[in-house]
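J.: This structure is in structure tokens; I'll ask about it shortly.
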Amino acid sequence: MTLHQATLSPGCGCDRQEMLHALISIDEALARIAAHASPVGRTEAVQVGSALGRTLALPVRSRSMAPAFDNAAMDGYAIATSALTGPGPWVLPVVARIPAGQETTTSVAGVVAARIFTGAPIPGGADAVVMQEDVLRDGDVIHLSRRPQPGLNIRRAGSDLARGVTVLDMGQRLGPKEIAVCAAAGAGIVHVRRRLRVALLVTGDEVRCTGGVREAARIWDVNTPMLTASLAAAGVGLVVSAHGADDLAGLVRQLGDMAAQADLVITTGGISVGEEDHVKPAFMALGSETLFSGVAIKPGKPVSVGRIGKAYWLGLPGNPVSAFVTWQVFGMAFVRALTGEETGAPIRRHVVTASEIRRKPGRCELRPATIAGFDAHGREIIRFDDATHSARVGLLSLADGLMFLPADAECLPAGALVEFQPFCQS
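Sequential numbering of the sequence shown, starting at -19, is according to the working numbering.
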């Protein structure tokens, strides 16, 4: 593969106002979400085993050292290395048996050994554990031919965690590995922000429940199951899901009712400027505040954000790929802001294009792409379709994330460096 220098302009290029008129850049849109969306106030104490996906409202500190005592790192024999005189080999009587979970008063200060098992406390006088494969057991004695180093196969108290130290900070989202840290620190209860309440309204007279009866000129509802799954993966609570009314008055009632019971109202469709697009007029009829309407991206240009009373509103496009892309970028930003999550934001990284790209400049393009391997310099190579199609869902399952194509780039050669954001899995 021919390698080229990066062709990226500063930023993603999507903030060139002379090209975009009233549209704002991705970074500006994300900054407005971060500036206006504050974390939900109420917190609750939950069992650590039930805290998956929740965000810490208070830091977690270790209640004791970990390990809490010196213990054996493997099955073997605890001995005092200082008692081994001469060049060896040595014969040591086995004076005790120490299983895990059992306290012991045994001492091995002399030329003796104690049979010990992984995790068991180290007996007094011992400073090494010789693995069972390195000794010859003969009745009640062992034969040891090599002198072990002091400290061999011993896990020292506090070598993992010291008592009272902060192991997780406030704002940390709890995944399986973070829950493991909490458990190791003795935190059976953790204080987290309450689960977000989200309402979902999918519009479109042509939409029918997938798998059901579908008349001519109707389409399956992709957005409801897709976004329901996305919300579940993000650890938020879906309090209500509905299909949008087919008239302005009905939408005004639905949006008002949803805003009264949710922290975030998500709608799909109805936010363009067509005669059948009623969501934005309904939003305005409620006296709501608009934070932005329209971002210089492809797909998903009409994406909009605002407030309806105390709830936030995220208006996604109706085409499924556009809805998925804008959820990944702006929906997850809302989740992080409203839960007070300080970590876990998607990190864009540079990757190498596998083939040439020709496109119409003007908007930053977010194109689904697949990691295909590495080049000779160890950089990730991505493959992608020849264009972004906002309604083609069929190949979405093969993509690993989004390739960011600068707004002013009309042609990128194979081997160009572009930004890549992996899809949020949780």
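Beta carbons are placed, not taken as given, at the ideal position from N, Cα and C, and that holds for glycine.
1) If we call anything under 8 Å between Cβ atoms a contact, is Val332 one with Arg363?
2) Specify the secondary structure class of Leu228 as computed by DSSP and reduced to three states.
3) Counting Cβ pairs, one atom from each stretch, are 3 or more of them under 8 Å apart for the stretch 152 to 160 and the stretch 29 to 41?
4) Drop a sphere of 10 angstroms on the beta-carbon of Pro79, count the other beta-carbons inside from all chains shown, and report buried for 16 or more, exposed for fewer.
5) Just list the residues that DSSP pairs His123 with in beta bridges.
6) In whole angstroms, what separates the C-alpha of Met150 from that of Val245?
7) Going by alpha carbons, who is nearest to Leu376 out of Tyr292, Val301, Ile96 and Gly144?
8) What is the residue span of the alpha helix (DSSP H) that Ser210 lies within?
9) Which runs of the alpha helix (DSSP H) at least 4 residues long sit entirely within the stretch 5 to 68? Give them in chain order.
10) Around the Cβ of Pro261, are there at least 16 other Cβ atoms within 10 angstroms (buried) or fewer (exposed)?
11) Taking a contact to mean a Cβ-Cβ separation below 8 Å, would you say Ala53 touches Arg135 in this structure?
12) In the DSSP assignment, what residue or residues form a beta bridge with Trp200?
13) Restricting to Cα atoms, I'd like to know which of Ala106, Ala222 and Gly395 is closest to His357.
14) Report the rounded CA-to-CA distance for Leu346 versus Gly192, giving the unit in angstroms.
15) Whole angstroms is fine: what's the gap from Ala214's alpha carbon to Ala349's?
16) What span of residues does the alpha helix (DSSP H) with Cys162 cover, start to end?
17) In angstroms with no decimal places, state the Cα-to-Cα distance between Gln234 and Gly184.
18) Can you say whether Leu392 is buried or exposed, counting buried as having 16 or more other CB atoms within 10 angstroms of its CB?
19) Pick helix, strand or coil for Lys281, following the three-state DSSP scheme.
20) State the DSSP-derived secondary structure class of Gly415, mapped to helix, strand or coil.
21) Mind checking whether the beta-carbon of Ala356 lies closer than 7 Å to any heavy atom of the ligand HEM?
22) Below 8 Å, how does it come out for the stretch 4 to 14 and the stretch 304 to 316: are there three or more Cβ pairs, yes or no?
23) How many angstroms separate the CA atom of Phe49 from the CA atom of Thr319?
24) Glu24: which of Asp107, Ala367, Arg175 and Ser44 sits nearest, CA to CA?
25) The alpha helix (DSSP H) that contains Val301, what's its start and end?
26) Comparing C-alpha positions only, which one of Ala352, Arg338 and Asp380 sits nearest to Ala387?
27) Ser377 by DSSP, collapsed to three states: which one?
28) Quick test of your reading: Val398 and Met383, contact by CB under 8 Å. State the CB separation rounded to the nearest angstrom.
29) Cutting at 7 Å between CB atoms, please list the residues of its own chain near Pro341, excluding the five before and the five after it.
30) Which partner residues of Val178 appear in the DSSP bridge assignment?
31) Let me confirm a value: Leu228 is counted as buried when at least 16 other C-beta atoms fall within 10 Å, else exposed. Which label applies?
32) Contact between the stretch 11 to 20 and the stretch 101 to 114 is defined here as three or more beta-carbon pairs at a separation below 8 Å; is this criterion met?
33) How big is the Cα-Cα spacing for Ile251 and Val26?
34) Quick check on the burial criterion: 16 or more other C-beta atoms within 10 angstroms. Buried or exposed for Ile199?
35) Give every residue of the same chain whose Cβ lies closer than 6 Å to the Cβ of Ala(-14), excluding the five residues on either side of it in the sequence, and list them in chain order.
36) Identify whether Met(-19) lies in helix, strand or coil by the three-state DSSP scheme.
T.: So, from the data block:
1) no
2) helix
3) yes
4) It counts as exposed.
5) In the DSSP output, where bridge partners are listed per residue, His123 has Val71 and Leu116.
6) 26 Å
7) Val301
8) For Ser210, the enclosing alpha helix (DSSP H) has its first and last residue at Asn203 to Ala213.
9) Correct list: 6 to 16.
10) exposed
11) yes
12) When beta bridges are read from the DSSP output, Trp200 appears opposite Arg188.
13) Gly395
14) 32 Å
15) 22 Å
16) Pro156 to Ala164
17) 14 Å
18) Buried, by the Cβ-count rule.
19) coil
20) Nothing can be reported for residue 415, as the shown portion of the chain is limited to -19 through 406.
21) In the structure on display, the ligand HEM does not appear, and there are no ligands present to speak of.
22) yes
23) 37 Å
24) Arg175
25) Pro300 to Thr306
26) Arg338
27) helix
28) 5 Å
29) Ala387, Asp388, Ala389 and Glu390
30) Leu218 and Leu244
31) With a 10 Å radius around the Cβ and a threshold of 16 neighbouring Cβ atoms, Leu228 comes out exposed.
32) no
33) Roughly 39 Å between the two C-alpha positions.
34) exposed
35) Since pLDDT at Ala(-14) reaches only 43, below the 50 mark, its modelled position is unreliable, and the value read off the structure follows with that caveat. Excluding residues within five positions, the ones whose Cβ falls inside 6 Å are Leu397.
36) Because the pLDDT at Met(-19) is just 37, under 50, the model does not fix this residue reliably, and the value given afterwards should be weighed accordingly. Three-state result, Met(-19): coil.
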